[in-house]
Amino acid sequence: MRGLLLAVLRDAPGPVPHQRLDQVWHDDVQRARALAGLVTDGLVEPVGEESFRLAGDGPPVPLPRP
């Protein structure tokens, strides 16, 4: 699962919309858990609220202020 998500992100020229990642795997819970794990492990970073990219594939993303 993680490998499938990473493959989509690697092949994309820029941030990948969440909807595109939703097409990778049919089980919403497993997909969300895998994506969250990739973010936690520092391999993937969110871009805004609806897209993701490989970590380091662009300018730094500011963290939201509490």
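Just so we're aligned: the sequence shown equals residues 726 to 791 in our numbering.
Backbone N, C-alpha and C fix where the C-beta goes; we use that ideal spot for every residue, glycine too.
Quick check on residue i: does DSSP put it in helix, strand or coil?
i	result
L731	helix
V741	strand
In the DSSP assignment, find the beta strand (DSSP E) that holds residue i and state where it starts and stops.
i	result
L768	Taken as a continuous stretch (DSSP letters only), L768 belongs to no beta strand (DSSP E), as it is neither H nor E.
Less than 7 Å between the C-beta atoms of residue i and residue j, yes or no?
i	j	result
E775	P742	yes
V759	M726	The displayed chain sequence assigns Ala, not Val, to residue 759. Cβ distance < 7 Å, so A759 and M726 count as in contact.
Beta-carbon within less than 6 Å of residue i's beta-carbon, same chain only, minus the 5 sequence neighbours each way: which residues are those?
i	result
L729	V749
By Cβ distance below 7 Å, which residues in the same chain neighbour residue i in space, the five residues on each side in sequence not counted?
i	result
L734	V741, V769, F777, R778, L779
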